[in-house]
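Notes for the one structure printed next.
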Amino acid sequence: MSSYPEVKYFDFSHTIRNGMTTFPRPWHRKTIIETMGTISSFGRRTSYISIGTHSGTHIDAPSHFIIDGISVDKIDLSRFFGSAEVFNLINLPTSHEISKDELKMLLTGHKFGTSIFLNFGWGFNFNNPKKYYENQSWITEEAAEYLVTLNPPVLAYDLAMLDNPLNGHGCSIDSPIHKILLGNGIPLIENAIFPKYLPRHLYYSVFPLKLEELDGSPVRFVGWEI
647 MSSYPEVKYF DFSHTIRNGM TTFPRPWHRK TIIETMGTIS SFGRRTSYIS
697 IGTHSGTHID APSHFIIDGI SVDKIDLSRF FGSAEVFNLI NLPTSHEISK
747 DELKMLLTGH KFGTSIFLNF GWGFNFNNPK KYYENQSWIT EEAAEYLVTL
797 NPPVLAYDLA MLDNPLNGHG CSIDSPIHKI LLGNGIPLIE NAIFPKYLPR
847 HLYYSVFPLK LEELDGSPVR FVGWEI
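In this text, residue positions in the sequence shown follow our numbering: the first is 647, and each later residue adds one.
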């Protein structure tokens with residue numbers, strides 16, 4: 647009988663596939679996967695992938711929105727693994743604005759300096775773009791400032807963003823939540839897919855590709871409970 651502790655693993659990553667859902671803006675190209683070689687033709691199978699840095703489950707580096715923010719290859723490795731606290735927000739209504747006071751209540755007992763996972767139960771809508779992008783909840787700027795005070799190594803959520811969907815490119819207020827969080831050096835893990843219920847405490851690993859001077863990367867995002 648093994649003396650190692652039994653480990654329960656969780657995969658928080660959407661599967662990367664040809665034509666997968668991407669952010670609904672013209673400059674976000676679809677993911678393309680093509681065959682370059684087959685075993686029958688070349689004795690080996692090889693494939694070509696074209697994918698955006700913010701496609702599927704991915705990390706936002708500060709340079710995504712901050713002119714002098716660090717790029718994904720410069721983020722300290724210590725942020726990509728460690729312990730996290732999961733906060734279940736699945737009972738919130740759709741298209742709900744979360745105030746600072748409400749967020750403080752939802753995050754009661756958070757340990758300073760621990761990564762934060764916000765589980766809205768929303769990732770299962772990923773392949774329904776209209777619902778996923780237009781009906782999600784969001785947080786206020788004051789709530790974002792509060793998150794900064796908690797000093798999480800990473801902040802992960804099963805939404806496309808924590809901004810109000812109306813506050814996007816071309817609006818008078820463009821993505822203020824991104825700018826607050828990334829401006830304070832907090833990497834964001836977006837488009838996660840969490841089970842409906844998760845334990846409060848987890849270990850995690852969320853490594854991006856080492857992409858020189860780029861603004862983000864797809865990630866394989868996993869957690870485990872011992």
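Think of the CB as a built atom: it goes at the ideal place given N, C-alpha and C, for glycine as much as any other residue.
Q. Thinking just about the alpha-carbon of each residue, which of Arg-663, Asp-719, Leu-764 and Ile-835 is nearest to the one in Arg-846?
A. On the sequence shown, residue 846 is found 200 positions in, with the first residue counted as 1. Of the listed residues, the one whose Cα sits closest to Arg-846 is Leu-764.
Q. Would you say Thr-795 and Ser-745 are within 8 Å of each other, going by their C-beta atoms?
A. Here the question's residue 795 lines up with position 149 in the sequence shown. Here the question's residue 745 lines up with position 99 in the sequence shown. Contact flag unset, no.
Q) Comparing alpha-carbon positions, which option in Leu-805, Gly-831, Trp-784 and Ser-693 lies nearest Asp-722? A) For this step, residue 722 is matched to residue 76 along the sequence shown. Answer by Cα proximity: Gly-831.
Q. In chain order, which beta strand (DSSP E) runs of at least 3 residues are fully inside the region 731-788?
A. 761-765
**Q.** For Gly-715, the three-state DSSP class (helix, strand or coil)
**A.** Within the sequence shown, numbered from 1, the residue matching residue 715 stands at position 69. Residue state, collapsed to three classes: coil.
Q: Quick one: using the 10 Å Cβ neighbour count with 16 as the cut-off for buried, is Tyr-778 buried or exposed?
A: On the sequence shown, position 132 is the one that residue 778 refers to. Per the 10 Å Cβ criterion, buried.
**Q.** For Met-807 and Glu-652, the rounded distance between their alpha carbons
**A.** Within the sequence shown, numbered from 1, the residue matching residue 652 stands at position 6. Within the sequence shown, numbered from 1, the residue matching residue 807 stands at position 161. Cα to Cα, Glu-652 sits roughly 34 Å from Met-807.
Q: Please look up how many angstroms separate the CB atoms of Thr-699 and Ser-863, rounded, as I've assumed it's under 8 Å.
A: For the purposes of this step, residue 699 is taken as residue 53 along the sequence shown, with counting starting at 1. For the purposes of this step, residue 863 is taken as residue 217 along the sequence shown, with counting starting at 1. Contact flag correct, Cβ pair sits at about 6 Å.
Q) If we call anything under 8 Å between Cβ atoms a contact, is Ile-839 one with Phe-770? A) For this step, residue 839 is matched to residue 193 along the sequence shown. For this step, residue 770 is matched to residue 124 along the sequence shown. It is a contact, given that the beta carbons lie within the stated cut-off.
Q) How far does the alpha helix (DSSP H) with Phe-688 in it reach, from first residue to last? A) Translated into positions along the sequence shown, residue 688 becomes position 42. Here the alpha helix (DSSP H) through Phe-688 covers 685-688.
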